[in-house]
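Student: Just dropping this structure here.
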Amino acid sequence: GTYPYVTSSSPTSGGACTGSGVPPTALTHVMGITKAYCTRVGNGPFPTELLGETGEELRKKGHEFGATTGRPRRCGWLDLVALKYACRINGINELTLTKMDVMDGFDEIKVCTGYKINGGEETKVFPLCLDEIENVEPIYTSMPGWDKDISGMTKWDELPDAAKSYIDYIEKYLGVKFTIISTGPKRTETIIR
């Protein structure tokens, strides 16, 4: 998240070292985890937030409600600018992609590949100041969705071509490979690459 709308802990790879008593020099491999779309709890800027029907569909299909409060989470398209920044500051070597099955059935899927700042200048760099991130407009790349139900798939070759293209596009943008892809809530509903 963006300060001050964040947890008091440090959910970075460096913060994991601090919390576990492991020195940062002991880390040789860092795996990141991301959903196939973005969510946010509570207040704060969310450039790719979808306030209409698509956001509601993501929320329902992804069961995006607080476990304790039942409060609906804010949902939006995957923000590759923010994700690339997270990969960089955490030193991520590989990624896990969760909730890929939630993307089933969308005719079109978008990913944010840049921002317009204050309606003008374009950037592919995540803004570090709250007032800047609050005033960005996402620049999207659109790609075709898929109708096939991928729930429970365990092999890369089973995925529809459009789903593979979605994953390939994200990997190319980030420069980081997805080695685990979840296709449902069960542990067995996983593709290992």
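Position 76, counted from 1, in the sequence shown is what this note's numbering calls 76; the numbers after and before it change by one each time, with no gaps.
Using N, Cα and C, we set each Cβ at its ideal position, and we do this for glycine too.
1. Among Thr141, Ala163, Ile192, Asp157, which residue has its Cα nearest to the Cα of Met103?
2. When DSSP builds the beta bridges, which residues end up paired with Ile33?
3. Check Ile150 in the structure and name its three-state DSSP category.
4. Between which two residues does the alpha helix (DSSP H) harbouring Glu171 extend?
5. Just to confirm before moving on: does the CB-CB distance between Val111 and Leu78 stay below 7 Å?
6. Below 6 Å CB to CB, which residues in the same chain sit around Ile33 once its five sequence neighbours on both sides are set aside?
7. Classify Pro194: buried if its beta carbon has 16 or more other beta carbons within 10 angstroms, exposed otherwise.
8. Ends of the alpha helix (DSSP H) at Gly14?
9. As an exercise, report each continuous alpha helix (DSSP H) stretch of at least 4 residues that is fully enclosed by the segment 40 to 100, in chain order.
10. Please identify the residue among Leu128, Met100, Ile109, Asn135 whose C-alpha is closest to the C-alpha of Phe117.
11. Report the three-state DSSP secondary structure of Thr7 (helix, strand or coil).
12. In angstroms with no decimal places, state the Cα-to-Cα distance between Glu26 and Glu189.
13. So, for Glu49: in the same chain, excluding its five sequence neighbours on each side, which residues have a beta-carbon less than 6 Å away from its beta-carbon?
14. Among Asp131, Gly120, Thr69, Ile92, which one has its Cα closest to the Cα of Thr2?
15. Check whether the segment 4 to 19 and the segment 84 to 91 are in contact - that is, three or more C-beta pairs closer than 8 Å.
16. Is the beta carbon of Asp101 closer than 7 Å to that of Ser151?
17. Within 10 angstroms of its Cβ, does Ile109 collect 16 or more other Cβ (buried), or is it exposed?
18. Below 8 Å on the Cβ atoms is my guess for Tyr169 versus Phe126; work out the distance and round it to an integer in Å.
Tutor: This is what the structure holds:
1. Ala163
2. Thr96
3. coil
4. 161 to 174
5. yes
6. Thr96
7. Here the chain comprises residues numbered 1 to 193, so residue 194 is not present and cannot be evaluated.
8. 13 to 20
9. 53 to 61, 80 to 90
10. First, the residue type needs correcting, since residue 117 is Ile and not Phe in the sequence shown. Residue Asn135 is the option with its Cα nearest to Ile117.
11. coil
12. Inspection of the sequence shows that residue 26 is occupied by Ala rather than by Glu. The alpha-carbon atoms of Ala26 and Glu189 are separated by roughly 31 Å.
13. Arg74, Gly76
14. Asp131
15. yes
16. yes
17. buried
18. About 19 Å separates the two Cβ atoms, so there is no contact after all.
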